[in-house]
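Notes for the one structure printed next.
Protein chains in written order, with UniProt numbering: chain A, 1 to 512; chain B, 1 to 512.
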């Protein structure tokens, strides 16, 4: 299907075809309707405000292409709406600041003129993080951080690097790689998401078991707020009051615009080992992952698909396991990888695992960033496809798994495929990542919203968190209110009012 | 000297004598003046308010002994003031709540009647954390958490335990030990400090290299605030907005009273190895510690004394090293300890270390909680003795070390002993812990305040944090303002006003 880039994931050149048999598996009868030409709302901002913004930041675009490219994130709902011509989230203008001072200047002008400002990194939010509430504002601008993409400093002694927030994953790895270093942060959105976005949403990469989450990597940060700058992080850890870095991490552009990050870096690994393991059941495999997370040695990457995900993978050629497929990746110095591999193998065998060799590992590595492209192909074919995720303590995990699966199957019907894997582990718990594929109903947006609400209710009722690594955005706000309660909500509101009294920063996200 | 317990550290039975030679080393001529009988201010709270408080919490004491025992923390300034009869920080009453509901009820009554509430755990603050600003309030009460000392639950699958916040270290270890578990958190205040205090001040234990800081152990918490309860922590880690747990950790009783904590626990180690190492200089030793922190294997305990601390230790019989003494402790399963010990030895030898065997390790273990008792003996003998600490990135550490040393020596004169050790390490940086001993001037409180201010200025000017693990209290507030800036300060104030609009919670601490 000829879907323009503003309504698809990533680079058109990397689009994938639907694997054989998927149409039949899902009983898909007809492809999605053709894509409508989106009707952009007229630019609302008056000329004098645009002039004031241009005085703060020279790079201002108000053309259709720029506005459309910043009209939404990349959730399935975002894509479905764009496909049917709904681009009402498009900003009036796109500003591309050159440096921290321009960001700060834009926030001052926007405060005076009541312009909503949506910080925009890679544009890959899947929780409605780029869908601002425009009511009550003179207009909306996207603050595209793409020009702020430099390496500021490397501190080899402390193994830290200071990088601008607009840098995207591959370029950051390139800059650090020249110095023999890596961040080691590889979320599925790696090719497009920005460092600032990672920080603002508490991203978690596929190598989180070994390298930590992105919030673990953040040692210092600089942010511009409407009321002034924040420069935080004088030590890796401190007892100088609450850790305010942790208040900016996960703030989704509602408290400030992160412009610079000081991050933990590590030497580029010189050895890699990615292998597959098979477990007789999700329960047995989960216990094996738990043992690794609690007693070590901890792999760099550790994932376990449930029976359905394993079977679908096998049926579409992406795996050969029966039971449940686990991927175990180790990276580091060669002797360390060898020693850990031996320890991992001993423990996984003792927990009922059967090694499958390097082929499943290589297949996983090859396809690690491909799922969002596959989603486009599924949408083209008339399927609904989306993911959601959560995390909780190990003892609650089976209950959360069952409750969410049941909620999705009930909402979407027996024809839906509900796949799940554990993608991130901790000593005390783990995340669950669900993928849902079903034939589209007449209104697939409504179809998904109903299913997602049921799943979110199940997550919260089971005691799990509404998001392990996607964030809150607009989609998860109602459930965040339950999760943090009225006092937690009051804390977030108070911080928001203190740093952004006019409420211009990404209005409508995060805060219940 | 016969100093009553309210003006000394810990248990009188554990008091220590001054080692031989210390008087001469310091040129101490005469002992401290005799201790004055403290004049307690009259109870300010009117009878109807006391009645209302008693209705909220049955256990209320207004006797002199209870008030004196809660009159101050355990900084040298606190002790010096108590020794000279100043007990103006004494609360009007001491309340000992039985459960969370009583804590919440006390906060409601205190809000209505404008009573300042000072949450009191072990009473071991060394930064003026128990020295409330009483002006503008009807009176002050200490909320002693000592009765809330139960084990609520152990989750063996998730390796977590839920414990009441008034539990002290030894009892918590006893309760967990019955189940084969340990927290592994051993700060110098271990024998007296409470779990709630650890959380409220971001405590860091001597085994932090291997077991993490206390804030690393906190997975969930329950707190009472004047505006309602907070129940946080549905997963080890989450992307559901900013991590609000991190806002309560380090909040020093100013945002709420932590009543219950869900903590990471681990199996009790079945093997221990504590050995000493000698390094030719602090610089060489620091580089060796850095290598362990960055490349592993990481010991459980890792400390390095500078040349002066090592020499003083040797002169007073607590060590035998020339150069700089390091203590390397390993705990865990026997095979793991053996494997790590071999890796540690290889790396430390390669970095210029010489092993000293188990004797220095045993001596350190034996004396690990004794330093505060030694301080009492020094105060008795007419010496000023106090500690301060900071942390920063490895690349800044030598500059911070030099600047703080110089500031202290300049302020206290050449006769002062300024000792330092690295007590906590991270991949990106480490802490510095200074001990200062000098002959007392005519006004030792003023003498120390001047020296401490100079050291604090040097810490902040060198880019380090004003506290790595003691907290902010009242003593560090001016420097916290520089560290987090006006926007950070506004954030703290906003949260405070949101959860405690009457400002009754530990007024005067933390917030600049």
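By construction, the Cβ of each residue, glycine as well, lies at the ideal position given by its N, Cα and C atoms.
Top-ranked residue by Cα proximity to residue 167 of chain B, from B:152, B:2, B:178 and B:300
B:152
Are there 16 or more other CB atoms within 10 angstroms of the CB of residue 135 of chain A, so buried, or fewer, so exposed?
exposed
Spell out whether any CB of chain A is found under 7 angstroms from the CB atom of residue 391 of chain B.
yes
In whole angstroms, what separates the C-alpha of residue 467 of chain B from that of residue 450 of chain A?
49 angstroms
Listed from N- to C-terminal order along the chain, which residues in the segment 234–248 of chain B have their beta-carbon within a distance smaller than 9 angstroms of any beta-carbon of chain A?
Close to chain A, meaning a Cβ-Cβ distance shorter than 9 angstroms, are the following residues of the segment 234–248 of chain B: 234, 235, 236, 237, 238, 239, 240, 241, 242, 243, 244, 245, 246, 247 and 248.
Just the C-alpha distance for residue 491 of chain B and residue 177 of chain B, rounded to the nearest angstrom, thanks.
40 angstroms
Quick check: the Cα distance between residue 426 of chain B and residue 158 of chain A, rounded to an integer number of angstroms?
Residue 426 of chain B and residue 158 of chain A: Cα-Cα distance of roughly 9 angstroms.
Residues of the segment 468–498 of chain A with a CB closer than 9 angstroms to any CB of chain B: list them in chain order, please.
468, 469, 470, 471, 472, 476, 479, 480, 483, 484, 485, 486, 487, 488, 490, 491, 492, 493, 494, 495, 496, 497 and 498
Unbroken beta strand (DSSP E) run spanning residue 155 of chain A, endpoints
151–155
Within its chain, find whatever has a CB closer than 7 angstroms to the CB of residue 146 of chain A; leave out the 5 residues flanking it on each side and keep chain order.
96 and 166
Tell me the residue span of the beta strand (DSSP E) that contains residue 279 of chain A.
271–279
Tell me which residues share the same chain as residue 389 of chain B and place their Cβ nearer than 8 angstroms to its Cβ, disregarding the 5 neighbours each side in the sequence.
Non-local beta-carbon contacts of residue 389 of chain B in its own chain, meaning distances under 8 angstroms to residues more than five positions away in sequence, involve 423, 431, 432, 433, 434, 467, 468, 469 and 470 in chain order.
Is the segment 300–312 of chain B in contact with the segment 321–330 of chain B, if contact means three or more CB pairs nearer than 8 angstroms?
Yes, since at least three Cβ pairs between the segment 300–312 of chain B and the segment 321–330 of chain B fall closer than 8 angstroms, the two stretches touch.
Sequence-distant residues of its chain with Cβ nearer than 6 angstroms to residue 110 of chain A (five each side left out)
Sequence-distant partners of residue 110 of chain A (beyond 5 residues in either direction) whose C-beta falls short of 6 angstroms from its own C-beta, in its chain, are 117 and 504.
Close beta carbons around residue 103 of chain A, own chain, < 6 angstroms, minus the five adjacent residues each side
97, 224, 257 and 259
Hey, is the segment 230–245 of chain B in contact with the segment 241–251 of chain A, meaning 3+ C-beta pairs nearer than 8 angstroms?
yes
Compare the C-beta of residue 202 of chain A with all C-beta atoms of chain B and state if any pair is closer than 7 angstroms.
yes
Since residue 193 of chain B and residue 212 of chain B are thought to touch, with beta carbons under 8 angstroms apart, how far apart are those beta carbons, to the nearest angstrom?
The Cβ separation is near 17 angstroms, so there is no contact.
How would you call residue 13 of chain A, buried or exposed, if buried means at least 16 neighbouring beta carbons within 10 angstroms?
exposed
Only counting the same chain, and skipping five residues up and downstream in sequence, which positions put a Cβ closer than 6 angstroms to that of residue 274 of chain A?
Non-local beta-carbon contacts of residue 274 of chain A in its own chain, meaning distances under 6 angstroms to residues more than five positions away in sequence, involve 329, 361 and 365 in chain order.
Identify every residue that forms a DSSP beta bridge with residue 106 of chain A.
Residue 106 of chain A pairs with nothing; no bridge assigned.
I'd like to know if residue 158 of chain B contacts chain A, where contact means its C-beta is closer than 7 angstroms to some C-beta of that chain.
yes
Return the chain-ordered list of same chain residues with a C-beta closer than 7 angstroms to the C-beta of residue 291 of chain A, the five sequence neighbours on each side being excluded.
347 and 351
Taking only three categories from DSSP, how would you classify residue 305 of chain B?
strand
Euclidean distance between Cα positions of residue 48 of chain B and residue 473 of chain A
49 angstroms
Short of 8 angstroms in beta carbon distance, which residues of its chain neighbour residue 452 of chain B, apart from the five on each side in sequence? Order them along the chain.
386, 388 and 475
Whose CA, out of B:399, B:405, B:507 and B:488, lies closest to the CA of residue 500 of chain A?
Minimum Cα distance to residue 500 of chain A is reached at B:488.
Spatial neighbours of residue 369 of chain A in its chain, beta-carbon cut-off 7 angstroms, leaving aside the 5 residues before and after:
188, 190 and 191
So, does the segment 194–207 of chain B touch the segment 225–236 of chain B, judging by three or more C-beta pairs under 8 angstroms?
no
With a 10 Å radius around its C-beta and 16 neighbouring C-beta atoms as the bar for buried, classify residue 77 of chain A as buried or exposed.
buried
The alpha helix (DSSP H) enclosing residue 400 of chain A, as first and last residue numbers
397–412
Closest Cβ-Cβ distance between residue 176 of chain B and chain A: below 7 angstroms?
no
Buried/exposed call for residue 303 of chain A, threshold 16 Cβ in 10 Å
buried
To which residues of the same chain is residue 41 of chain A closer than 8 angstroms at the C-beta, ignoring the five residues directly before and after it?
Excluding residues within five positions, the ones whose Cβ falls inside 8 angstroms are 87, 88 and 90.
Which residues in the same chain as residue 280 of chain A place their Cβ atom closer than 7 angstroms to its Cβ, once the five residues preceding and following it in sequence are excluded?
323 and 352
Specify the secondary structure class of residue 451 of chain B as computed by DSSP and reduced to three states.
helix
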